[in-house]
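Comments concern the structure below.
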Amino acid sequence: MPFVFPGDQESNNGLHELPSLLCSRTSINTPIPHLFESITQYSPKPCLKYFHPGRKILHECRIFKVGLDIQANILRCDPDGRGKERHADVSRAVAKLSAQTDRIIDIALGVLVKAPDSEIIRRNTAFWNREDDGHYKFENVFLSMEHDLVHITLALNKGPCQCNCNDIAARLDRIARKVSFNLNV
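Numbered per the working numbering, the sequence shown spans residues 41 to 225.
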């Protein structure tokens, strides 16, 4: 029986398999790097235009955070010792996550235009204010995440070793915590 988030069957969007895959320390039958692609495949992108702008950004950030968690888990928990073989897949997935930050910034700018008085902005006003450089704080936060993800991709392409895997997994976890901290996802 698949895992279902309590009281939230409609917005599940294919994420019901994640907890078992993220916590599994046994052999994994499905290739995990392709799991991130299936998550984005199942996300209802055509339906996102019907979401309230605040819900749209939270939805996209949840997908982003889950993608970060999956890639960190692949690097950290490698039950069959295939981590070095998976570096190319993780590198591709991290590059996609890096590109996804631009999409999140675009959605956030749309939130400011379409719903400047929305609940998501009222909850964390400082995150949505302009900084001294003229950019919004959320822009700077996500651009720094994109920068970090590019460096992680380059580090993954240099060459695999287990100490490098653990370091990169910790860096991915830090980025995921930034998303959680700033947007409460």
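Ideal Cβ placement from N, Cα and C applies to all residues, glycine included.
In angstroms with no decimal places, state the Cα-to-Cα distance between residue 256 and residue 222.
Only positions 41 to 225 of the chain appear in the structure, and residue 256 is not among them; the question remains open.
Between residue 102 and the rest of its own chain, which residues show a CB-CB distance below 6 Å, the 5 nearest in sequence each way excluded?
225
Cβ pair residue 138, residue 106 closer than 7 Å:
no
Continuous alpha helix (DSSP H) assignments of at least 4 residues falling wholly in the region 124-169:
127-154, 159-163
Between which two residues does the alpha helix (DSSP H) holding residue 188 run?
177-198
Please tell me whether residue 141 and residue 182 are closer than 7 Å, where the distance is taken between their beta carbons.
yes
Note down, in chain order, each residue of its chain lying with its Cβ closer than 7 Å to the Cβ of residue 218, except the 5 sequence neighbours on either side.
181, 185
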